[in-house]
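These notes are about the structure you will find just below.
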Amino acid sequence: MAYDMLDAINNGKDSWKVKVRVIRLWDAINLNNNELISLDMILLDEHGTMIHAKVIKHMVNKFRPLIQEGLVYMIANFKVTSAMNFRPVEGDKIINFLHTTKIQEIKGLKNIRIAEQSFMFCSVEVLSTRDGQRMYLSADVIGVASYIGNIEETGTTHGISKIRDIVLRIEDQKVNIRLWGNKVDQIDEDSMVLS
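Going by the UniProt record's numbering, the residue at position 62 of the sequence shown is 62; the numbering climbs one at a time, nothing skipped.
Below, the structure is given as structure tokens:
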């Protein structure tokens, strides 16, 4: 079955077909009114290329039951557009699902050569350039937690939010990180040994 690699797709047509693993899946929420904006995901192909993909709000009910994080799919008939701000991966393209998009799970994973995860690690220098910018949402780093603060609440323009401050030692430098919302609960304090 013929299909395209993610680095080859562009906005020239809507009849692309890709074989990808969904390595991340989340709801994009409007913080002003807590309403769903879209179902977002990061797709990974067998060459290790990652791309952000999105299902807009009025099509989420159609596609959510068909998509599960970690599984491999053949996805066909989608639109490729330029990526805007707040990108979850590096790259200048995004896949937008259409009403005509077809998605089929690929079973029998023994012949599938798509990694289960992918990371784009960055240095402290690159990480510091992302502070306050709007291009990228995240960065992958490896560090040692030297401090994990208590869960606190803070007022924002969108109401009250939980926060937790963390200090990581990365490349002999201290990097301050703040987790927001439900991410603060994803730290298992009992299994941590701080350095």
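We put the CB at the ideal spot given by N, CA and C, even for glycine.
- [ ] Please list, in chain order, all residues of the same chain as residue 70 whose beta carbon is under 8 Å from its beta carbon, the five residues on each side excluded.
- [x] 21, 22, 23 and 116
Open item on the list: Here's the rule: buried if 16 or more other CB atoms are within 10 angstroms of the residue's CB, otherwise exposed. What is residue 45?
Closed with: buried
Task: Residues near residue 183 by beta carbon distance below 6 Å, same chain, minus five either side - done: none
- [ ] Within its chain, find whatever has a CB closer than 7 Å to the CB of residue 65; leave out the 5 residues flanking it on each side and keep chain order.
- [x] none
TODO: Measure the Cβ-Cβ separation of residue 173 and residue 124 and say whether it is below 7 Å.
DONE: yes
Task: residue 145 versus residue 105: straight-line alpha-carbon distance, rounded - done: 38 Å
Open item on the list: Give the list of continuous alpha helix (DSSP H) stretches no shorter than 4 residues that lie fully inside the stretch 97–177.
Closed with: 124–129
Task: Residue closest to residue 6, alpha-carbon to alpha-carbon, out of 50, 163, 33 and 156 - done: 50
Task: residue 48 versus residue 99 - alpha carbon distance - done: 27 Å
Task: Whole-angstrom C-beta distance between residue 142 and residue 166, which should lie under 8 Å - done: Actually they are not in contact, since the Cβ atoms of residue 166 and residue 142 sit about 14 Å apart, beyond 8 Å.
Open item on the list: Assuming contact is defined by CB atoms lying nearer than 7 Å, are residue 79 and residue 61 in contact in what I supplied?
Closed with: no
Task: Spatial neighbours of residue 29 in its chain, beta-carbon cut-off 8 Å, leaving aside the 5 residues before and after - done: 35, 36 and 37
Open item on the list: Counting C-beta neighbours from all protein chains within 10 Å, is the total for residue 26 16 or more, i.e. buried, or is it exposed?
Closed with: exposed
Task: Residue range of the alpha helix (DSSP H) that includes residue 78 - done: Counting along the chain, residue 78 falls outside any alpha helix (DSSP H), though it belongs to the beta strand (DSSP E) covering 72–82.
Open item on the list: Beta-carbon within less than 7 Å of residue 158's beta-carbon, same chain only, minus the 5 sequence neighbours each way: which residues are those?
Closed with: 31 and 32
- [ ] Return helix, strand or coil for residue 58, following the three-state DSSP convention.
- [x] helix
Open item on the list: Judging by CA-CA distance, which residue of 12, 59, 8 and 73 is the nearest neighbour of residue 1?
Closed with: 73
Open item on the list: For residue 164, which residues in the same chain have their Cβ closer than 6 Å to its Cβ, ignoring the five residues on either side in sequence?
Closed with: 149, 151, 179 and 184
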